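So the structure is just underneath, and the comments pick up after that.
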Amino acid sequence: MGKTGLPLWLRRRWPGLVVLVLLVLFPFVAGLAMGDPAGVPPEVRGLGRVLALAETGRAKFWQGMIIQVLILAVFAMSYDLLLGYTGIISFGHAMFYGVGGYVVGILLKHFEWPIWAAVGAVVLVAVVQSLVIGVLSLRVKGVYLAMVTLAFAEFFYILSEATDFRQYTGADDGLHGIYLPPAISPTDHRTRFYFLVVAFFVSMYLATRRLVDSPTGRVMVAIRENEQRAATLGYNTFTYKLIGLVASGLLAALAGCLHATFNLGVTPSVLSVGTTIDVLAMTIVGGAGTLTGPVLGAAIVHLLGYWLNRIFGPAWTLMFGAMFVLIVVFLPYGIVGTIQARSLQWKAGWQRWLQLMGVGAPRSKA
Amino acid sequence: MGKRYRAVIASVALVVVLVGIAYAGFGATKTASVLLSGLTLAALYFLLAAGLSLIFGLMDVLNFAHGTLFMIGAYVGYTAFGNPRLLLNTLPLFLALLAGATAGTIVGRPLRAWEQAVRRRLTAGEASGNGREVLRALLARLTPSLLLALLAVALVLWGVRGFPLDRLVAFEATATGGAIPTAEAQEPIPRMLLRLAQMALAGLLAGPALARERREQGMWKEGMLAGAIGLVGLLILLARDPLEGFLLGLSVDLRFLLALTAGAVVGALLGGLIERTLIRPFYGRPITQIVLTLGLMFVGTELVKAVWGREGHPPMTVPSLFAESCRSESLAAWLTEHCSSIDVLGRAFPTYRLFIIFVGGVILVGVGLLLRYSRLGMIIRAGVQDSEMVEALGINVRRVFTFVFALGSALAALGGVVAAPFVGVYPEMGGIFQLQAFIAVVIGGMGSYGGTAVGALLLGLARAFGDVLVTSGIPIPWAEQALRASPAVARASTVLIMAIVLLVRPAGIFGRKE
């Protein structure tokens, strides 16, 4: 075709690169547009001034919003590894997210571990936790698996609320006052934390993309499509589902770890069924079985929730629920999924429209 | 079948051992009252779980809105019992909407048929390359009926604007069976008639979107139906004051029966509506259905909060059969004395809770008989085994689906009304009871009716004993101190039971292996 110049890999990846550039530029733009000039001494000039502005006012707030969206996006991607790629309906995904948060919080606050060691511990705990839960729950399938995971998650939720461990978890008040090295403190150096989260998000996205495009990921999709067929072809489906669950649990735990460090605290509500339902909504709204879908879903659900809450007050969940039902009914494969499924049809329709208007080239009659 | 009996024996043995431990620990008196408390909870869990299990067994739908229907049933029953004025003022609006929609499906049928025809011609039109054909196809894509439906939604919103809901919902006073909202809370009849007209028009506009194509016969019948619904709504509105006087003049017992009926009927209607409109298009896509029912859970809970307030209300007044403040010696004595509590081996136990157990038992036997001996029950059981086969035999299994969904929802809503004098009504009650019902269904085995009953029983007893464990502790013969637990352990106990059962028998106690 006529398009030359751009290398193939760039042509295929430009939307992602554009998003990345926008994410990197955001603190500077936000600092200039929304920063509070009164909060910055006048003698600071140039780039330093922009960065200082980014730490003030609404610029800081919106960076926080994007940080939360990106953390939730990683969480939603991890859920999609199960729901969209392996075909496992889990209702207990919050347990990995929450336990990741609690582990890093307890280790940083009560044991004063260095941050790298605490994150290492999160990785270790997440792998062990998801292995144990996978071995126990993957014995059953479908709705039963949903129920077993729901039960396990409820167990962790109750554990986090139990008064027996108040000295560590803070029981139903939650764990607050996590100590973080000042250099990456989300309150004093929001922009640094922002870039940390962007780097985390991008690396996790690439890692997940690598996983789902790998032969292992293909087997996972085969299991989603037809588990018996995959087993007949000689794959040990249990192992692959376990790999999916462990990868997903690890990703969720890391997201939870960042959630705890950003908020400098964790509450039991993070472990509740509501968190799982939220992440399910993000995945479904964006489109299960795609990687960009959950990311978009996380952004939509979080930002929509924020705006609806501002407009309607406490009744916003009504609006949200109604919108949710409408999206499921009219876009059954989610936003990205439906676009992918319909894009060919839309393209054809658009060309026909142009042709009708006399703009496009008439279709050659073969 | 051998395995099945083993499961029965094992669960009976488990219950016997547990009761035995309790008996050894704190004697007959306390064991009896804990058992009865457990049975009360089990009856409520069963009312929810029976529908869940049937719906899942027959249609593979995991209904997350079931607890919401339970809660809505409780609220509707509470309202019918204590504040009929609210119902008498809102019911005509719904009926007008329904009448309009029914009439609209008839009037809108030609439009819908045209739309469908154009849509069908779409592919042909595209292939032909004929400009006008393509343009018409594009117009059909815009679907006039959808636009009309959106207009109808706007009209409904306009029609309920300014409706004095907050003044009509006066619960705090009615909870004790006392005052009702003042006469000024009601809007004058002409204003209400205007609202009714708006609702009917909205229904009419939504008609084409709801209409099904190619059903020529039965049109005048549906027209009569629409007229009848509209007339009933109008009559209720015009006679709202005498009707209200009549309802409030009834005895407490009759009003309680009315509340039970109203709850169950509303539950059945809502369940049938949900199945027909939202669940039916998505059979074979379980994730979509789960997510849809989740969305309905949000919407239902928020609607209830919007109408009845975010706070809960105290337990409903019990019928006079259970109202006298005294303590009967035996069931026979209670029948004449109507005491609020009864003597169980020397301890008082509320008689209303015995009523809950009674209702649970009646439903258990009634639905069991329906499933076992009626033709419909036979179709349902066959459908649980293999619904495609049933359909292949020429039975309209879709209609059975709707019936079972409505039946399950009615049972849940009835359970809500029955629970209202025991736990009160609050928006969160749906979720709380639903989780336990889920666990009961999973323990028993999804789709197994008897298994659900056993699961509910196990769970109710576990909860009752868990509560004892927290409040007074269970004495251990060889230990000095009684074994006590934090409330977390009691809450976790049901979850642990479920995990253990599923690890031993992945399909539940009575479930069939996939």
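So the sequences go chain by chain: A and B. So the first sequence is residues 17 to 382, counted in this note's numbering. So the second sequence is residues 503 to 1016, counted in this note's numbering. By construction, the Cβ of each residue, glycine as well, lies at the ideal position given by its N, Cα and C atoms. Predicted, not measured: the structure shown is a model, and the values here were computed from it.
- prompt: Looking only at DSSP bridge pairs, what is residue 849/B linked to?
  reply: 846/B
Run of the beta strand (DSSP E) containing residue 827/B, from where it starts to where it stops: 826–830
Euclidean distance between Cα positions of residue 540/B and residue 864/B: 17 Å
task: Give the straight-line distance between the Cα atoms of residue 617/B and residue 704/B, rounded to the nearest whole angstrom.
output: 20 Å
query: Nearest-angstrom Cα distance between residue 255/A and residue 339/A?
result: 38 Å
message: Taking only three categories from DSSP, how would you classify residue 895/B?
response: coil
task: Taking the CB atoms as reference points, tell me whether residue 802/B and residue 911/B lie closer together than 7 Å.
output: no
- prompt: Just how far apart, CA to CA, sit residue 214/A and residue 205/A?
  reply: 14 Å
message: Can you list, in chain order, the residues of its chain with a C-beta nearer than 8 Å to that of residue 878/B? Leave out the 5 residues immediately preceding and following it.
response: 872, 902, 905
- prompt: residue 163/A versus chain B: which residues are under 8 Å apart at the beta carbon?
  reply: 940, 941, 944, 1000, 1004
query: Taking the alpha-carbon positions, what's the residue 230/A to residue 166/A distance?
result: 30 Å
- prompt: Among all the DSSP beta bridges, which residues are the ones paired with residue 191/A?
  reply: 282/A
query: Can you tell me whether DSSP reads residue 754/B as helix, strand or coil?
result: helix
- prompt: Which residue or residues does DSSP assign as beta-bridge partners of residue 927/B?
  reply: 815/B
task: State yes or no: is the beta carbon of residue 794/B nearer than 7 Å to at least one beta carbon in chain A?
output: yes
query: To the nearest whole angstrom, what separates the beta carbons of residue 936/B and residue 553/B, a pair I think is in contact under 8 Å?
result: With a Cβ gap of about 11 Å, residue 936/B and residue 553/B do not count as contacting.
message: So that I know if they touch, is there some Cβ in chain A lying closer than 7 Å to that of residue 1017/B?
response: No answer is possible for residue 1017/B: the residues shown for chain B start at 503 and end at 1016.
task: Would you decide whether residue 17/A is buried or exposed? Buried here means 16 or more other CB atoms lie within 10 Å of its CB.
output: Caution applies to residue 17/A, whose pLDDT of 47 falls short of 50 and renders its modelled position unreliable; the model cannot decide the point.
task: Taking the CB atoms as reference points, tell me whether residue 281/A and residue 299/A lie closer together than 7 Å.
output: no
message: Let me see if you follow: with CB-CB separation under 7 Å, is residue 170/A close to chain B or not?
response: yes
- prompt: Going by C-alpha distance, which of 764/B, 789/B, 794/B, 546/B is nearest residue 862/B?
  reply: 546/B
query: Can you name the start and end residues of the alpha helix (DSSP H) that residue 252/A belongs to?
result: Taken as a continuous stretch (DSSP letters only), residue 252/A belongs to no alpha helix (DSSP H), as it is neither H nor E.
- prompt: Based on the DSSP output, what are the partners of residue 273/A in its beta bridges?
  reply: Paired residue(s): none; residue 273/A is not in a bridge.
task: Write down every uninterrupted run of the alpha helix (DSSP H) in the segment 586–626 of chain B whose length is 4 residues or greater and which is fully enclosed by it, in chain order.
output: 586–609
query: How many Å lie between residue 762/B and residue 271/A at the Cα?
result: 48 Å
query: So, using beta-carbon positions, are residue 246/A and residue 99/A closer together than 7 Å?
result: no
query: Is the Cβ of residue 564/B closer than 7 Å to any Cβ of chain A?
result: yes
message: Just checking: is the beta-carbon of residue 779/B within a distance shorter than 7 Å of some beta-carbon in chain A?
response: no
message: For residue 1020/B and residue 829/B, what's the separation of their Cα atoms in angstroms?
response: Given that chain B is displayed from residue 503 to residue 1016, the structure contains no residue 1020/B and the question cannot be resolved.
query: Which residue from 916/B, 996/B, 927/B puts its Cα closest to that of residue 550/B?
result: 916/B
- prompt: When the Cα atoms are used, what is the spatial distance from residue 931/B to residue 337/A?
  reply: 19 Å
- prompt: Which chain A residues are close to residue 790/B, counting only those with a beta carbon under 7 Å from its beta carbon?
  reply: 344, 348
message: List, in chain order, every chain A residue whose beta-carbon is nearer than 8 Å to that of residue 993/B.
response: 174
message: With a threshold of 6 Å on Cβ separation, who are the neighbours of residue 72/A within its own chain once the five nearest residues in sequence on each side are excluded?
response: 51, 52, 55
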